[in-house]
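Asks: In the numbering used here, the protein residues as written are 7 to 213. The beta-carbon is built from N, C-alpha and C at its ideal position, and this holds for glycine as well. Bear in mind that the values here come from a model prediction, so they are computed numbers and not experimental data.
(1) Would DSSP call residue 85 helix, strand or coil?
(2) Please give me, in chain order, every unbroken run of the beta strand (DSSP E) with length at least 3 that falls completely inside the region 31-85.
(3) Under the rule that 16 or more other beta-carbon atoms within 10 Å means buried, what is residue 55, buried or exposed?
(4) Looking only at its own chain, which residues have a Cβ that is under 7 Å from the Cβ of residue 194, when we skip the five neighbours before and after it?
(5) Could you tell me which uninterrupted beta strand (DSSP E) segments, each at least 3 residues in length, are contained entirely in the region 162-208, listed from first to last along the chain?
(6) Taking the beta carbon of residue 144 as the centre, do at least 16 other beta carbons fall within 10 Å, making it buried, or is it exposed?
(7) Assign residue 112 to one of two classes, buried (16 or more other C-beta atoms within 10 Å of its C-beta) or exposed (fewer than that).
(8) According to DSSP, is residue 120 part of a helix, a strand, or is it coil?
(9) Specify, as a first and last residue, the run of the beta strand (DSSP E) that residue 115 falls within.
(10) Suppose you measure from the CA of residue 183 to the CA of residue 73; what does that come to, to the nearest Å?
(11) Report the rounded CA-to-CA distance for residue 251 versus residue 116, giving the unit in angstroms.
(12) Flag this pair as yes or no: are the beta carbons of residue 79 and residue 127 separated by less than 9 Å?
(13) Buried or exposed for residue 31, going by 16 or more other Cβ atoms inside 10 Å?
(14) Excluding the 5 residues flanking residue 125 on each side, which residues of the same chain have their C-beta closer than 7 Å to its C-beta?
(15) Closer than 6 Å by C-beta to residue 148: which residues in its own chain qualify, once you throw out the five before and the five after it? Chain order, please.
(16) Leaving out five residues before and five after residue 64 in sequence, what residues of the same chain have Cβ atoms less than 6 Å from its Cβ?
(17) Short of 7 Å in beta carbon distance, which residues of its chain neighbour residue 150, apart from the five on each side in sequence? Order them along the chain.
(18) Looking only at its chain, what residues have a beta carbon closer than 7 Å to the beta carbon of residue 209, apart from the 5 residues adjacent to it on each side?
(19) State the DSSP-derived secondary structure class of residue 147, mapped to helix, strand or coil.
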């Protein structure tokens with residue numbers, strides 16, 4: 007098992023609209039052009055209330071096809087190359103070697119025909135997705151140890167985020183070298199005294 011960071015999000019804002027808080031990660035692979043996914047969404051977090059969650063360095067993937075068939079979710083590591091191939095008993099997802107980069111997880115469609123969809127998962131929640139990966143093509147996932155966080159409305163975990171929503175979630179928090187921390191939300195409020203929402207780390211423990 008890889009490193010796990012313990013995080014607590016704390017609402018110290020003046021928000022009275024019961025806004026939701028969304029966290030996502032950007033896939034920084036140069037070969038990836040999919041839109042981001044809402045990894046975690048916190049709703050109904052009252053003023054001065056908090057919510058604990060974890061950020062694990064471990065990643066998992068699963069694969070589905072156009073018939074709705076879905077592979078088991080499998081643990082993967084950066085530097086892995088996995089392949090989806092047709093075997094006598096049906097499609098199989100197997101590690102087939104190393105990827106070009108030791109910072110990337112790659113999943114290649116080795117089937118003779120038919121596209122597949124590849125999901126990348128962190129802490130049991132959908133983190134990124136690459137759809138319609140054609141035979142011979144690869145889904146490539148690479149993430150920095152950082153998260154993007156912001157206030158949203160009507161967004162659910164696992165939902166694809168469009169460019170308008172992403173532009174509103176523009177605070178990046180680095181988790182590099184951290185073992186635990188609080189993420190503190192401030193701002194908001196009524197009328198002309200309202201302040202922009204802000205997020206910052208507090209009570210950071212290294213490790």
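Replies: On the basis of the data shown:
(1) coil
(2) 46-48, 56-62, 65-71 and 80-82
(3) exposed
(4) 19, 20, 21, 200, 201 and 203
(5) 177-180 and 184-194
(6) buried
(7) buried
(8) coil
(9) 111-115
(10) 42 Å
(11) The structure shown does not extend to residue 251, since the chain is modelled only from 7 to 213, so the question has no answer here.
(12) yes
(13) buried
(14) 67, 68, 132 and 135
(15) 34, 35, 109 and 110
(16) 8
(17) 34
(18) 187 and 188
(19) strand
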